[in-house]
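For the sequence shown, this note's numbering gives the first residue as 21, with consecutive numbering after it.
Even glycine gets a Cβ: it sits at the ideal position worked out from N, Cα and C.
A short write-up of the structure that comes next.
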Amino acid sequence: MKTNSDKKIEDFTGGLSPEDLRSFISVLGKEDKIESALIFGNRAKSNYENGSDMDIVLKGINLDHDTINCVSYFLNEESDTPYRFDILNFNKITNKDLVSHINRKDA
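Have a look at this one:
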């Protein structure tokens, strides 16, 4: 799985504990339609505060609304992590500024 700076996802903990990070990766790994996940926003830049959500954009050719909802549900409702996850489908983002922000190396 790639991050927006081409480092291993493990290098981008975003303040998640190793256990929470493994849980996060496990949820994403169960969905065949997900080709990559990019962490962006405050947690990717490491200037987050306690309680900051984790902004994640998922990429995949056949990624659909049901998959996004399923991942969001499991991460936000079923997992034991104390974090909120905002999950976006990269293919559905229409805001060019947001796409540019996500694609920047320091997003």
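CA-CA distance, residue 46 and residue 92? Taking the first residue of the sequence shown as position 1, residue 46 is located at position 26. Taking the first residue of the sequence shown as position 1, residue 92 is located at position 72. Cα to Cα, the separation comes out at about 13 Å.
Among the residues of its own chain, which have a CB less than 6 Å from the CB of residue 28, if the five just before and after it don't count? Locating residue 28 in the sequence shown gives position 8, where the first residue counts as 1. Low per-residue confidence applies at residue 28: pLDDT is 46, beneath 50, and the placement is therefore not dependable, though the value from the model is reported in the following sentence. Excluding positions up to five away in sequence, the list is empty.
Buried or exposed for residue 77, going by 16 or more other Cβ atoms inside 10 Å? Counting from 1 along the sequence shown, the entry for residue 77 is found at position 57. Its Cβ being crowded by 16 or more others within 10 Å, residue 77 is buried.
Since residue 79 sits in a beta bridge, which residues does DSSP pair it with? Position 59 of the sequence shown, counted from the first residue, corresponds to residue 79. Bridge partners of residue 79: 56.
In the structure shown, what three-state DSSP assignment does residue 115 receive? Locating residue 115 in the sequence shown gives position 95, counting from the first residue. In the structure shown, residue 115 sits in coil (DSSP, three-state: anything other than H, G, I, E or B).
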